[in-house]
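First the structure, in the form of structure tokens, and then the observations on it.
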Amino acid sequence: MLFGISLEVREGELVCVMGRNGVGKTTLLNAITGLMGLTGGSISFDGKDISKASASARARMGIGYVPQGHAVFPQLTTRENLQVVNERLGKPDKEALNEVIDLFPALASLMNRPAGLLSGGQAKQLAIARALITRPKILILDEPTEGIQPSIIHQIEDTINDLHKATGMTMLLVEQYVEF
């Protein structure tokens, strides 16, 4: 449960919420994304109260979410993981697919590999790419460095920073790795 939280992320900002384990960082993101109901208070997005909107409705409104851990469909290939999200939009966007491959070029050679066989860093890149393929208005990332080998942490950090600089995308991330 969270009490007394007030958080504003303005368009184009990259905001990081930091804290140790167990202080409610993921709970906060679950409330924002609609994965957890509210018992009080409200959540506004794009000038509208979305407190009662479902998680899927919030996603359609433009809230992209990369949950903690390796949130991929392990039995599906890398390509299928991207396609399932892209096709869910109703009108598959080939340009968006190409753009996420440009952001994560390592995924191009892994398109036919089952996602369950990807390394931690590769799976994290795939999870971020899946969120980006929806062209979100805000990208929410829950501990993007969790379970990632140190050499990949900086690559993920650079990609997030480069994406923010290049697109001005609004981002909210939760992290406990202080150097991130």
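The numbers in my numbering rise by one with no breaks, and the one at position 27 of the sequence shown is 35.
For each residue, glycine too, the CB sits at the ideal point set by N, CA and C.
Q: Kindly list the residues whose CB is nearer than 7 Å to the CB of residue 144, restricted to its own chain and excluding five residues on each side of it in sequence; keep chain order.
A: Contacts found: 70, 71 and 72.
Q | Alpha-carbon to alpha-carbon, residue 125 and residue 178 | A | Spanning the two alpha carbons is a distance of roughly 31 Å.
Q: Assign residue 74 to one of three DSSP states: helix, strand, or coil.
A: The three-state reading of DSSP puts residue 74 in strand, counting E and B together.
(Q) Nearest by alpha-carbon distance to residue 9: which of 157, 68 and 35 is it? (A) Selected option, being the one with the closest Cα: 35.
Q: Sort 13, 46, 17 and 18 by Cα distance to residue 31 and report the nearest one.
A: Out of 13, 46, 17 and 18, 13 has the C-alpha closest to the C-alpha of residue 31.
(Q) Spatial neighbours of residue 63 within its chain, please: C-beta separation below 7 Å, excluding the five flanking residues on both sides. (A) Closer than 7 Å at Cβ, skipping near neighbours: 41, 42 and 43.
(Q) Quick check on residue 145: does DSSP put it in helix, strand or coil? (A) Annotated three-state conformation of residue 145 is coil, per DSSP.
Q: Measure the beta-carbon distance from residue 111 to residue 140 and round it to whole angstroms, keeping in mind my assumption that it falls under 8 Å.
A: With a Cβ gap of about 7 Å, residue 111 and residue 140 count as contacting.
Q) How many Å lie between residue 86 and residue 76 at the Cα? A) Distance from the CA of residue 86 to the CA of residue 76, rounded to the nearest whole angstrom, comes to 18 Å.
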